[in-house]
Amino acid sequence: MPLRGSGDTSGAELLPALFPVPDPATPAPARRAPAGPDDQTRPDPIATDSTAPAVPGDPAGRARRVAAEEAGKQLVFFGAETAEPTLADLAGLLAGPAEVVRMGGTARVSVVVDAAWRVHVLVAELAQRGVAASWEPTEDERHAVRTAYARTLKPLAAAWLRGEAKRPPTNFHLNGRRLRLWLAAAGTPEPSGFLLRLGPADEECRDPVGRALVAVGLAGDLVTAEAGGPGYLITGRRRLRRLAELVGDRPAAAPENAWPTRLP
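Here the sequence shown is numbered in the numbering used here, starting from 44 and rising by one per residue.
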């Protein structure tokens, strides 16, 4: 019998056991975006605190900058940690290999993933958005993750489907929350960078998705199926740092080498 669940890993029907089940404790609360449209990060509470102690021989305030780094990472405008999760974030899955189908006045999103940890992360992310999910093993030893059919997903299907074909809407864009879902479903570390995989038959999506990556500072090289894709390979220290900032901290279920690291 296929394994199924609704996002609660503490129930009798467990997630795939190929990776340790993460602690289902209450997730950290989402943090709001900076108030001003020109702000790229939140103000540094230590660097702006005139009472913070100075260190002799450090007129530039190096000690305060170090203390700020130790106190916590700054948030990036449009990053995954700057706003509440919403159903619109599922567009990030559709930018990758996910599919959306309609049934009557409802719709469902599904994606096949190659590792059990991805199931854990996606089910938790979907639950944060009020979406029930189920999963089952596939014949090729992967995992199919599916949302329930829901009326709330109908607008997503209407925006992305042209008949039965998937195509990004004209106003499609990426942000940290959408990239986080895409990476959780189909992001793969490579020796030269990070590969964000696309659907094998989604040729009409490739150019719009590529432009959306460029718009958030993640211009990537399109990798063909023959070369290990299809997908966009993000390379370069600056772009990889940007990717890590946008997608946020590594989920508890993800292996360390499977998630981009925030570089200094």
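Positions of the beta carbon are idealized from the N, C-alpha and C atoms, including for glycine.
Model, not experiment: these values are computed from the prediction.
Looking at C-beta atoms only, is the number of pairs between the region 161-168 and the region 287-298 that lie closer than 8 Å three or more?
Contact between the region 161-168 and the region 287-298 is present, with at least three C-beta pairs closer than 8 Å.
I want to know whether the region 180-196 touches the region 247-260 - three or more CB-CB distances under 8 Å.
no
Could you give the distance in angstroms between the alpha-carbon of A158 and the alpha-carbon of R205?
30 Å
What does a CB cutoff of less than 8 Å around E142 pick up in its chain, not counting 5 residues either side in sequence?
V152, S153, V154, K209, G242
Nearest candidate by alpha-carbon position, reference G135, set A170, L256, A176, P232:
L256
Any contact between the region 231-246 and the region 262-277? By contact I mean 3 or more CB pairs, one from each, below 8 Å.
yes
Indicate the three-state DSSP secondary structure (helix, strand or coil) for P232 in the structure shown.
Under the three-state reduction of DSSP, P232 is assigned to strand.
Can you tell me which of L239, D245, C248 puts its alpha carbon nearest to the alpha carbon of V290?
Nearest of L239, D245, C248 to V290, Cα basis: L239.
With distances taken from CA atoms, which of A187, T267, R284, S235 is nearest V259?
R284
In three-state terms, what does DSSP make of K116?
Unreliable positioning characterises K116 in this predicted model, as indicated by a pLDDT of 39, which lies under 50. A coordinate reading is not provided.
Helix, strand or coil: which one does DSSP assign to V152?
Strand at V152.
Give the DSSP bridge partners of D183, in chain order.
In the DSSP output, where bridge partners are listed per residue, D183 has none listed.
With DSSP as the reference, label W203 as helix, strand or coil.
helix
Let me know the secondary structure DSSP gives G279 once reduced to three states.
coil
T149 versus R280: straight-line alpha-carbon distance, rounded:
A straight-line Cα-Cα distance of about 42 Å links T149 and R280.
Please check the pair I277 and L286, which I expect to be a contact at CB under 8 Å, by giving their CB distance rounded to whole angstroms.
Between L286 and I277 the Cβ distance is about 6 Å, and since that is below 8 Å, they are a contact.
In three-state DSSP terms, what is W302?
coil
To which residues does DSSP link A176 through a beta bridge?
T190
I'd like to check one pair, L217 with A131: are the Cβ atoms closer than 8 Å?
no
With DSSP collapsed to three states, give me the class of R145.
Under the three-state reduction of DSSP output, R145 falls in the strand class.
Given this structure, state the Cα-to-Cα distance separating A301 from G263, to the nearest angstrom.
Their backbone Cα atoms lie some 18 Å apart in a straight line.
Can you check whether the CB of V174 is closer than 8 Å to the CB of A202?
no
Identify the residues that DSSP records as bridge partners of F237: which are they?
DSSP output for F237 lists P232, I277 as bridge partner(s).
Note down, in chain order, each residue of its chain lying with its Cβ closer than 7 Å to the Cβ of T304, except the 5 sequence neighbours on either side.
A287
So H186 packs on V156, CB below 8 Å; how close in whole Å?
Contact between H186 and V156 holds, with the beta-carbon distance rounding to 5 Å and staying under 8 Å.
Please report the residue range of the alpha helix (DSSP H) in which L133 lies.
Counting along the chain, L133 falls outside any alpha helix (DSSP H), and DSSP gives it neither H nor E.
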